[in-house]
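In this text, residue positions in the sequence shown follow our numbering: the first is -4, and each later residue adds one. A quick write-up on the structure given underneath.
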Amino acid sequence: MNTSEFYFHPPQASTVAPEVDALYFFLVAITIVFSVLVAALILYFAIRYRRSAKVDRTPFHPSFWMEVSWLILPLPLLLGIFVWSADVYFTLQRPPAGAMEFSVVAKQWMWKLQHPSGRREIDTLHVPKGQPVRLNMISQDVIHSFYVPAFRMKQDVLPGRYTQCWFEATQVGEFHLFCAEYCGTNHSRMIGKVIVMEPDEYQAWLAGGSPSESPVVAGQKLFEQLRCDSCHLPQGGEQSRGPSLANLAGKPVTLTTGDQVTADDNYLRESILRSANKVVAGYQPIMPSYEGQIGEEQVLQLIAYIRSMGAATEAQK
Ligand code: CUA
């Protein structure tokens, strides 16, 4: 496939693409039906009631039931569209369990992508066919938007906050990747491609690259290098100057303010970069701030490692 081709209607290359298209074409069809109807009536009345025509011009007063019927009749149609769209939206927003997790760090003007195995790519993403892929995304600078038309998938990539999206490719091939949010001079050149491969070819491709550390392993090294382990003892307790991080990810945490928060990726990121913002109940705000000390990729590695600590403890039980 020639990547310079322009598609009015891009190929349907993901599991959600037919669902999105069905809704889209239904909305277009309804719009056409009512636009044509209204335009035709305008034209008809303009001719029929033109100034020279001798017609009855007494104002028309609809009956009560006529009014009720044109309020009630469109209701199921509109509610139907709402329910249908909400259903598609939920599908788009909820990655299936067991999806492969990739990370995306956007910056002016490139996409930095990392595979679960640790392999890195820039502006090109290789993925296996028939496998749900979840993208955990953040920007290093301004707002970008990760857009793959063939997958009917578009998600803003924000500075300071993780956003997610997912897809499952259904066709082998090369598909356009665009930045869909104006992000500065070279926005229009912040493009790339997604290359969908058969699962065994993908494995072969992964094996063919230079050996790389998984985010968990890289995160563990960084954790030790930054001496996080000197305060965050695995067992927590009296001697620990910071709370234990084992089995923390995804769990509720009580703060010194009494508020409860969930230790999701955004919370973990904030606690690494601006630790004084949300201090865990029972601890002092003594952790240094790592803002400006480590980059987004390193924060992602630390989070991957912290998440794996939970998994390790669970497995030992
Ligand atoms: Cu990045 Cu536009």
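Glycine is no exception: its CB is placed at the ideal position from the N, C-alpha and C atoms.
Checklist entry - Anyone know if the C-beta pair for Ala17 and Ala164 falls short of 9 angstroms? => result No, Cβ-Cβ distance for Ala17 and Ala164 is not below 9 angstroms.
Checklist entry - Based on the DSSP secondary-structure assignment, which residues constitute the bridge partners of Asn131? => result Secondary-structure assignment with DSSP links Asn131 through a beta bridge to Ser98, Gln159.
Next on the checklist: Quick check on the burial criterion: 16 or more other C-beta atoms within 10 angstroms. Buried or exposed for Gln109?
Outcome noted: With 16 or more Cβ atoms within 10 Å of its Cβ, Gln109 is classed as buried.
Next on the checklist: For Asp151 and Cys160, I'd like the C-alpha separation in whole angstroms.
Outcome noted: Here the C-alpha atom of Asp151 lies approximately 9 angstroms from the C-alpha atom of Cys160.
Checklist entry - Comparing alpha-carbon positions, which option in Thr251, Tyr157, Thr10, Ile138 lies nearest Leu263? => result Selected option, being the one with the closest Cα: Tyr157.
Next on the checklist: Less than 8 angstroms separating the Cβ of Ser140 from some heavy atom of the ligand CUA?
Outcome noted: Answer for Ser140: yes, Cβ within range of the ligand CUA.
Item to check | Environment of His171 [buried if 16+ CB atoms lie within 10 Å] | outcome: Its Cβ being crowded by 16 or more others within 10 Å, His171 is buried.
Next on the checklist: Which residue wins for smallest C-alpha separation from Val122, given the options Pro229, Asp195, Leu268?
Outcome noted: Measuring from the Cα of Val122, the nearest candidate turns out to be Asp195.
Item to check | Where Glu265 sits in the DSSP three-state scheme | outcome: In this structure, Glu265 counts as helix in the three-state DSSP scheme.
Item to check | C-alpha distance - Ala310 paired with Met304, whole-angstrom precision | outcome: Only weak support is given to the placement of Ala310: the predicted model assigns it a pLDDT of 42, under 50, and the value that follows is read from those uncertain coordinates. So the alpha carbons of these two residues sit roughly 10 angstroms apart.
Next on the checklist: Closer than 8 angstroms is the cut-off here; do at least three beta carbon pairs connect the region 212 to 228 with the region 294 to 301?
Outcome noted: Put simply, the region 212 to 228 touches the region 294 to 301. At least three CB pairs are less than 8 angstroms apart.
Checklist entry - So who's on the other strand from Trp106, going by DSSP bridges? => result Answer by DSSP bridge pairing, in chain order: Ala101.
Checklist entry - Comparing the CB of Gln135 with every heavy atom of the ligand CUA, is any distance shorter than 8 angstroms? => result No; taking the cut-off as 8 angstroms, the Cβ of Gln135 has no heavy atom of the ligand CUA nearer than that.
Checklist entry - In chain order, what residues of the same chain lie with their CB nearer than 8 angstroms to the CB of Ser235, ignoring the 5 residues before and after it? => result Shown here for Ser235: same chain residues with a beta carbon closer than 8 angstroms to its own, the five before and five after excluded, namely Cys226, His227, Leu228 in chain order.
Checklist entry - Since Arg302 and Ala244 are thought to touch, with beta carbons under 8 angstroms apart, how far apart are those beta carbons, to the nearest angstrom? => result That pair is a contact at about 4 angstroms.
Checklist entry - Tell me, which residues are paired with Glu169 by DSSP? => result Paired residue(s): Ile190.
Next on the checklist: Can you look up Thr251 in the DSSP assignment and give me helix, strand or coil?
Outcome noted: Of the three classes helix, strand and coil, the one that applies to Thr251 here is coil, per DSSP.
Checklist entry - Identify the residues that DSSP records as bridge partners of Glu292: which are they? => result Answer is none; Glu292 lacks a bridge partner.
Checklist entry - Which residue or residues does DSSP assign as beta-bridge partners of Gln126? => result BP columns for Gln126 are empty, so no partner.
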